[in-house]
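In full-length UniProt numbering, the protein residues as written are 1 to 76.
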């Protein structure tokens with residue numbers, strides 16, 4: 001997946017640019033540049049880290065949804 005699409009998806013899941021930057025070890029300005037498409041050549045390691053973060057956030061959300069469902073809509 002293109003890096004800018006991954007960043008857009010992470011933002012739509014509620015993470016801020018700063019959250020993304022801190023969780024994968026890059027600067028917030030780099031996250032912004034990737035999202036805007038200014039940064040055309042994103043290092044492979046950064047793309048892998050972004051995709052891994054997206055996978056983790058989706059997994060966290062799925063677990064949270066399961067917990068809510070099992071507890072009748074309230075988190076335990």
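Virtual Cβ for every residue (Gly too), placed ideally from N, Cα, C.
Exposed or buried, what is residue i when buried is set at 16 or more other beta-carbons lying within 10 Å of its beta-carbon?
i          : result
residue 70 : exposed
residue 35 : buried
residue 30 : buried
residue 5  : exposed
residue 63 : exposed
Beta carbon of residue i, beta carbon of residue j: below 8 Å?
i          : j          : result
residue 78 : residue 53 : Residue 78 is absent from the model: the chain starts at 1 and stops at 76.
residue 15 : residue 47 : no
residue 50 : residue 21 : no
residue 13 : residue 61 : yes
residue 39 : residue 33 : yes
If you follow the alpha helix (DSSP H) that residue i is in, where does it begin and where does it stop?
i          : result
residue 16 : No alpha helix (DSSP H) holds residue 16; DSSP gives it neither H nor E.
Secondary structure, beta strand (DSSP E): runs of 3+ residues fully inside the segment 27-53: If we require 3 residues or more, the segment 27-53 turns out to have no beta strand (DSSP E) run fully inside it.
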